[in-house]
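Asker: Below you'll find the structure I mean.
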Amino acid sequence: MLTVVKNNFENLFHLFFPNPCLGCGKQLHKGEEVLCMGCESQLKITPFHQHHQNFVSEKFVGRAKIENATSMLLFAKEGMVQHLVHLLKYQNKKEIGIFLGKKYGKLLEQEQDYSTIDCIVPVPLHATKKIKRGYNQSELFANGLAETMHISVFADGLKRLNLGESQTRKKKFERWKNVEHDFDCLDESLLENKHILLVDDVLTTGATLDACCSVLNQIKNVKVSIATIAVVMK
Ligand SMILES: [Zn+2]
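Per my numbering: the sequence shown ends with 243, consecutive numbering throughout.
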């Protein structure tokens with residue numbers, strides 16, 4: 010009898026407070042979070058974090074100096090990963106970033122390459138973009154990672170310069186740099202002597218991460234490793 014009452018109550022509760030799987034839309038069962046078991050099993054985590062040399066780290070050879078680099082998932086068009094990244098970036102489904110971060114953090118903290126990480130710095134968005142979107146998806150992934158890796162996030166560790174600022178800097182230092190990839194660190198003392206995990210959403214060419222690494226590598230006694238939610242295989 011009690012079970013019937015409980016089940017009816019749960020059904021009624023779900024009617025008013027639906028908690029659907031963000032992969033397939035079916036109602037989540039007890040113990041499931043963000044994704045149902047079926048959808049979660051479709052997320053094939055890459056083994057990159059277990060190999061010092063891997064597809065992701067190879068992308069940075071001859072570019073910015075890094076310690077380790079890894080991506081959690083492979084980004085394929087029309088697949089579950091693309092669906093989740095789209096929801097995270099454009100549909101305000103912030104919980105996806107945290108969910109994936111927590112899941113991946115548990116794996117990273119078991120690896121020697123990532124066990125010496127002191128803090129996480131997400132790749133920042135342009136200020137105007139962040140205001141429009143209301144959040145930075147890479148920061149959410151960083152927050153999830155930080156929770157299971159038991160370390161801190163410095164969300165403002167890097168700043169994305171706006172067009173005016175970068176033009177000024179260009180004149181000042183007479184240097185060329187793609188405006189799109191222009192970053193700065195406002196308080197280097199926060200990151201001195203640290204092994205930083207630089208975090209982004211989807212890795213394609215690596216130009217953005219490369220630019221961020223160049224800035225971080227100028228800080229005294231810093232090491233930089235990279236982790237992204239997904240990588241495009243091409
Ligand atoms: Zn599902």
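From the three backbone atoms N, C-alpha and C, an ideal C-beta is built for every residue, glycine too.
In the structure shown, what three-state DSSP assignment does leucine 83 receive?
Answerer: The answer is strand: DSSP assigns leucine 83 an E or B state.
Asker: Any idea if asparagine 230 is buried or exposed, counting beta-carbon neighbours within 10 angstroms, 16 or more meaning buried?
Answerer: Asparagine 230 is exposed by the Cβ-count criterion.
Asker: Ordered along the chain, which non-local residues of its own chain (more than five positions away) have a Cβ less than 6 Å from that of aspartate 193?
Answerer: Excluding residues within five positions, the ones whose Cβ falls inside 6 Å are Lys168, Leu170.
Asker: May I have a chain-ordered list of the beta strand (DSSP E) segments no shorter than 3 residues that lie completely inside the region 107 to 139?
Answerer: Those beta strand (DSSP E) runs which fall completely within the region 107 to 139 and span 3+ residues are 128 to 131.
Asker: If you reduce the DSSP assignment to three classes, tell me which class leucine 218 lands in.
Answerer: Correct three-state label for leucine 218: helix.
Asker: Straight-line CA distance for histidine 58 to leucine 93?
Answerer: Approximately 21 Å between the Cα atoms of the pair.
Asker: Is there contact here, the region 193 to 205 with the region 38 to 49, by at least three beta-carbon pairs under 8 Å?
Answerer: No, the region 193 to 205 does not touch the region 38 to 49.
Asker: Do lysine 203 and aspartate 127 have their beta-carbon atoms positioned less than 8 Å apart in this structure?
Answerer: Yes; because the gap between Cβ atoms is below 8 Å, this pair is in contact.
Asker: So if I measure from each beta-carbon to every heavy atom of ligand 1 and keep distances below 5 Å, which residues remain?
Answerer: Per the Cβ criterion, the list is Cys30, Gly32, Cys33, Cys45, Cys48.
Asker: With DSSP run on the structure shown, which of helix, strand or coil describes isoleucine 228?
Answerer: Coil, per DSSP.
Asker: Under 8 Å, do glycine 114 and leucine 52 count as touching if we go by C-beta distance?
Answerer: In this structure, leucine 52 does not lie closer than 8 Å to glycine 114 by Cβ.
Asker: Apply the 10 Å Cβ neighbour rule to cysteine 33 and answer buried if 16 or more other Cβ atoms are within range, or exposed otherwise.
Answerer: Its Cβ having fewer than 16 others within 10 Å, cysteine 33 is exposed.
Asker: Note the first and the last residue of the continuous alpha helix (DSSP H) segment covering valine 65.
Answerer: Note, valine 65: alpha helix (DSSP H), 64 to 68.
Asker: Hey, leucine 218 and leucine 207 are a contact pair by Cβ (cut 8 Å); roughly how many whole angstroms apart?
Answerer: That belief holds up - the Cβ atoms of leucine 218 and leucine 207 are roughly 6 Å apart, short of 8 Å.
Asker: Note the first and the last residue of the continuous beta strand (DSSP E) segment covering leucine 271.
Answerer: Residue 271 lies beyond the range of the chain shown here (10 to 243); nothing can be said about it.
Asker: Would you identify the three-state DSSP class for threonine 237, choosing helix, strand or coil?
Answerer: DSSP places threonine 237 in strand when its eight states are reduced to three.
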